[in-house]
Amino acid sequence: MSDFEEKYDYQEIMVEDISQIYQIANDYNSFYDLPRSGRGDPGDERTYLQAFYRGQSDSSWKITPSVCRDTSVDESISESGDLLFEVMAYNQHYIHATRLIDFTMDINVALFFACCENIEKDAAIFIWSYSPYDPKWTRIKIQCELVNVKKQRISVSEYAEILLQKYPELKDNYTYKKDFYTDLVSYLDHGFMIMQPRNPYLENMRIQRQKGCLYVCGVKFETPIDKMRTSVNAGNNILCPHEPEAPKELDGGNFLVKVVIPARLKNVIMKQLEEKGITKEALLPM
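The numbering of the sequence shown is this note's numbering, which starts it at 2 and goes up by one.
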């Protein structure tokens with residue numbers, strides 16, 4: 002029996018052995034009935050909701066994107082069309098820090114990254130349920146275009162005009178601009194999770210072996226947007242395009258479980274993972 006409690010609130014659990022970690026993950030998936038398939042359409046087999054894992058070698062660290070702005074990375078992303086996921090993943094794993102956060106669908110991979118460094122520090126595994134999105138979806142282009150904005154502050158309506166000029170096909174989705182403003186606020190405030198396409202254009206051995214997925218962070222808004230999210234005033238919200246923010250749910254929010262792993266268990270866990278073929282050479286090919 003694990004120490005996981007059947008509730009939707011944030012939980013932080015200290016474990017004493019590796020078997021507890023797996024049991025917590027199993028209990029989490031069972032409680033939330035994960036993974037769930039379909040998005041409401043008959044015969045739809047796409048995953049609607051599932052658990053994602055992230056390992057951090059120091060349990061005191063918060064979950065944050067690795068950098069606020071890196072034009073050399075994100076400009077290439079914004080010009081990549083259907084290759085968006087592949088280019089984003091390549092940049093995240095091989096080139097520079099980005100505004101992305103790595104997760105994995107394999108708890109063993111998360112365990113590796115939790116235990117491979119900072120041997121003297123307690124580690125953490127985070128378990129979080131989320132609904133992934135199609136990597137070709139419009140949301141990604143909306144996020145990626147942020148890096149090309151020259152201003153440090155810009156209104157939602159101004160940013161909408163930039164997008165509509167570059168991607169005129171967006172006009173087909175909206176009768177009124179205010180509806181587009183409302184969607185933009187939603188997209189940019191929270192961010193979203195994307196998974197690798199089933200038939201990727203580019204081979205990224207790291208993302209494949211790590212069973213990786215990427216959370217694209219939202220951005221900071223100058224003032225709280227609660228009262229201006231869905232009103233005619235949505236376009237007046239001021240955003241900071243070069244200040245990505247992790248969602249509040251990843252800082253003690255509902256559906257998040259933090260499993261704290263004592264430093265003394267790290268070497269034991271690494272040996273067990275090695276027996277399963279989960280090594281640095283396997284997960285981080287050059």
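Cβ coordinates follow ideal geometry from the N, Cα and C atoms, glycine included.
Residue i - containing alpha helix (DSSP H), residue span
i	result
Ser31	Ile19 to Tyr33
Phe181	Lys178 to His191
Nearest to residue i (by Cα), restricted to the options the options
i	options	result
Tyr303	Ala247, Met196 and Gln153	Lying before the first or after the last residue shown, residue 303 is absent from the chain, which here runs from 2 to 287.
Val258	Asp4, Trp62 and Ile128	Ile128
Leu185	Met194, Ile141 and Thr224	Ile141
Leu50	Leu35, Cys218 and Thr183	Leu35
Val260	Leu165, Val16 and Pro286	Val16
Val217	Ile108, Glu146, Ala26 and Lys281	Glu146
Asn27	Ser130, Lys63 and Leu101	Ser130
Leu284	Ser3, Asp107 and Ile25	Asp107
Phe193	Tyr29, Asn238 and Pro133	Pro133
Tyr160	Lys249, Asn237, Glu13 and Gln12	Asn237
Ser232	Pro242, Thr224 and Thr183	Thr183
Gly278	Val110, Ile102, Ile19 and Glu6	Val110
Cys265	Asp190, Ser158 and Ile19	This sequence places Arg at residue 265; Cys is not what is there. Nearest of Asp190, Ser158 and Ile19 to Arg265, Cα basis: Ile19.
Ser31	Gln21, Ser38, Gln153 and Glu7	Glu7
Val150	Cys241, Glu13, Lys249 and Lys267	Cys241
Thr65	Ile102, Tyr29, Arg37 and Ser38	Ile102
Lys167	Ile14, Gln153, Asn174 and Ile143	Ile143
Leu171	His191, Thr224 and Thr139	Thr139
Gln21	Ser3, Thr224, Glu223 and Glu13	Ser3
Glu1	Met196, Asp190 and Ile195	Residue 1 cannot be examined here, being either before or after the span of the chain that is shown, 2 to 287.
Cβ separation of residue i and residue j, assumed to be a contact under 8 Å, to the nearest whole Å
i	j	result
Tyr54	Phe104	6 Å
Tyr9	Phe256	6 Å
Lys63	Asp252	6 Å
Glu244	Val269	Between Val269 and Glu244 the Cβ distance is about 40 Å, and since that is not below 8 Å, they are no contact.
Ile25	Ser156	That belief does not hold up - the Cβ atoms of Ile25 and Ser156 are roughly 44 Å apart, past 8 Å.
Ile262	Ile163	At roughly 45 Å, the Cβ-Cβ gap does not stay under 8 Å, so Ile262 and Ile163 are not in contact.
Range covered by the beta strand (DSSP E) that runs through residue i
i	result
Leu215	Gly213 to Phe222
Met15	Gln12 to Met15
Residue-level contact to chain D via CB, residue i, 7 Å cutoff
i	result
Asn174	Here chain D cannot be found, since the structure has a single protein chain.
- Query: Should the stretch 211-227 be called in touch with the stretch 116-125, which here means at least 3 C-beta pairs below 8 Å?
  - Reply: no
- Item | Cβ pair count under 8 Å reaching 3, the stretch 49-63 against the stretch 101-119 | yes
- Message: Runs of 3 residues minimum, wholly inside the stretch 228-282: which ones carry the beta strand (DSSP E) assignment?
- Response: 239-246 and 257-262
- Query: Which full runs of the beta strand (DSSP E) of 3+ residues lie inside the stretch 103-158, going along the chain?
  - Reply: 124-131
- Query: Would you say the stretch 172-182 touches the stretch 259-273, given that touching needs at least three Cβ pairs under 8 Å?
  - Reply: no
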